[in-house]
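Each residue of the sequence shown is one higher than the one before, starting from 6 at the first, in the working numbering.
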Amino acid sequence: MSTIFQKIIDKEIPANIVYEDSEFLAFHDINPVAKIHILVIPKKEIRNLDEATEEDALLLGKLQLVLEKIARDLGIAKDGYRVITNINGNGGQEVFHIHYHLLGGEKIGVLNK
Ligand code: AMP
Numbered sequence: 006m007s008t009i010f011q012k013i014i015d016k017e018i019p020a021n022i023v024y025e026d027s028e029f030l031a032f033h034d035i036n037p038v039a040k041i042h043i044l045v046i047p048k049k050e051i052r053n054l055d056e057a058t059e060e061d062a063l064l065l066g067k068l069q070l071v072l073e074k075i076a077r078d079l080g081i082a083k084d085g086y087r088v089i090t091n092i093n094g095n096g097g098q099e100v101f102h103i104h105y106h107l108l109g110g111e112k113i114g115v116l117n118k
């Protein structure tokens with residue numbers, strides 16, 4: 006069954022897209038927890054970091070540079086930001102298509118349980 010993020014990739018449901026190329030898509034989180042809350046995903050269907058393989062090394066490396074580019078383009082890089090990826094139950098993952106939360110635009114508080 007395809008995830009909600011696959012439906013966004015396929016343009017079956019709308020999203021507020023901030024970046025797209027042949028391999029990646031980035032869009033505003035529908036339920037932001039910071040002034041700027043973007044989700045960055047590879048178009049390749051990978052469930053989460055736990056399911057990534059050696060074959061995904063280049064893709065995931067590039068994804069980090071996409072995160073960096075988006076932060077710069079949004080003008081939040083200098084002040085700083087945080088990148089998070091949640092994995093499975095204890096990580097709080099709800100959508101099982103690998104994604105990275107980019108949080109910024111304000112001071113991001115300390116992580117707590
Ligand atoms: P996670 O808990 O890491 O799996 O995070 C999933 C994130 O996806 C949450 O922050 C949700 O608010 C976000 N989300 C779910 N559905 C949508 C959607 N249709 N468009 C944008 N963000 C979404």
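For each residue, glycine too, the CB sits at the ideal point set by N, CA and C.
Under a three-way DSSP split, which group does Arg52 fall into?
Under the three-state reduction of DSSP output, Arg52 falls in the coil class, being neither helix nor strand.
Would you check if the distance between the CB atom of Glu73 and the CB atom of Gln11 is smaller than 9 angstroms?
no
So what does Gly109 bridge to, in DSSP terms?
Ile41 and Tyr86, per the DSSP bridge assignment.
Buried or exposed for Pro19, please, with buried defined as at least 16 other CB atoms from any protein chain shown within 10 angstroms of its CB.
exposed
Following the continuous alpha helix (DSSP H) through Leu70, name the residue where it begins and the one where it ends.
Ala62 to Asp78
Using three-state DSSP, classify Glu99 as helix, strand or coil.
coil
Please classify Val115 as buried or exposed, where buried requires at least 16 neighbouring CB atoms within 10 angstroms.
exposed
Bridge partners of Phe32, per DSSP?
Ile22 and Leu44
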